[in-house]
Each structure stands twice: as structure tokens, then as C-alpha cells.
């Protein structure tokens with residue numbers, strides 16, 4: 226029996242890449258808990274380079290992390306045209322955030338940031354090329 230290649234539609238590719246991106250975000254935050262002093266700082270209300278944990282900052286951070294989680298499902302639920310532009314805009318935004326967070330960060334974080342940026346740029350490329358794929362059939 227020969228192996229059969231599965232050609233995933235763009236929506237499935239995007240959902241899978243968003244899910245992978247989310248796992249990297251989550252593991253990065255989890256691994257950061259093991260950096261000496263992090264838990265002590267958290268107990269004093271510090272969010273590291275973001276400063277003191279205010280209700281506004283906690284809400285903004287929650288929304289920033291909720292969006293990629295929601296896009297995993299929305300990749301399969303949104304109309305193609307809306308999804309395409311949503312992915313392009315959001316991925317460029319999240320790539321810029323990760324690029325800005327690299328200087329001065331821990332080595333493990335730099336590795337995950339590069340992987341996360343590669344994933345969000347891959348999402349951007351797939352979304353940007355989507356129209357030409359559809360036209361080619």
C-alpha cells in the first residue's frame with residue numbers, strides 16, 4: 226500500500242499553524258516560571274518588562290493571548306475573505322511584538338520567539354497566496 230499525501234485546504238493549514246503558535250506562546254510562558262526570581266516578582270505584582278500588574282494590563286494581556294486561541298477555531302468558521310485579511314494583519318502584528326521582545330530575553334525565549342515568528346510569517350504567506358491558489362484550482 227502506497228502512502229497517500231493529504232493536501233490540506235488553506236483553512237486547515239491556517240488553523241494548524243495558529244494552534245502550533247499558541248502552544249509555543251503557552252510553553253514560553255510556562256518555562257519562564259522557572260527563571261529564578263520570576264515567581265517572587267509575580268507575588269509582588271510584577272509582570273516583568275510590562276511593569277506592575279494593573280487590571281488594565283492584565284485585561285490587555287489576556288486579550289492579546291485570547292486572540293490567537295480564538296483564531297484556531299475562527300480559521301475554520303470565518304468566511305475565507307475575512308479570514309485571509311485577519312490572518313495577514315494579526316500575524317504581522319504578533320510577529321512585530323515577538324521581534325520587539327527578543328532583546329534582553331532569556332535564551333529559551335529567543336528560540337521560541339524565532340519559532341513563533343516563523344509560524345506567524347508562514348501564516349501570513351499562506352493567507353497572502355490563498356487567492357492565487359484558488360485561481361489556479
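Residue numbers (the working numbering): 226 to 362. Where is the CB? At the ideal position from N, CA and C, for every residue including glycine.
Can you have a look at residue 230 and say buried or exposed, based on whether 16 or more other CB atoms are within 10 angstroms of its CB?
Residue 230 sits at position 5 when you count from the first residue of the chain shown. Classification of residue 230: exposed, given that the 10 Å Cβ count is below 16.
Please state whether the Cβ-Cβ distance between residue 257 and residue 334 is less than 8 Å.
The count along the chain shown starts at 1 and reaches residue 257 at position 32. The count along the chain shown starts at 1 and reaches residue 334 at position 109. In contact: residue 257 and residue 334 (Cβ atoms closer than 8 Å).
For the stretch 334–343 against the stretch 303–314, are there 3 or more C-beta pairs whose distance is under 8 Å?
With a cut-off of 8 Å, the stretch 303–314 and the stretch 334–343 do not count as touching, because too few Cβ pairs lie within range.
Between the alpha carbons of residue 270 and residue 286, how many angstroms are there, rounded?
Taking the chain shown and counting its residues from 1, one reaches residue 270 at position 45. Taking the chain shown and counting its residues from 1, one reaches residue 286 at position 61. Taking the straight line from one Cα to the other gives about 14 Å.
Am I right that residue 352 and residue 306 are in contact with their C-beta atoms under 8 Å? What's the rounded C-beta distance?
As a position in the chain shown, residue 352 is number 127, starting the count at 1. As a position in the chain shown, residue 306 is number 81, starting the count at 1. Wrong, their Cβ atoms sit about 11 Å apart, outside the cutoff.
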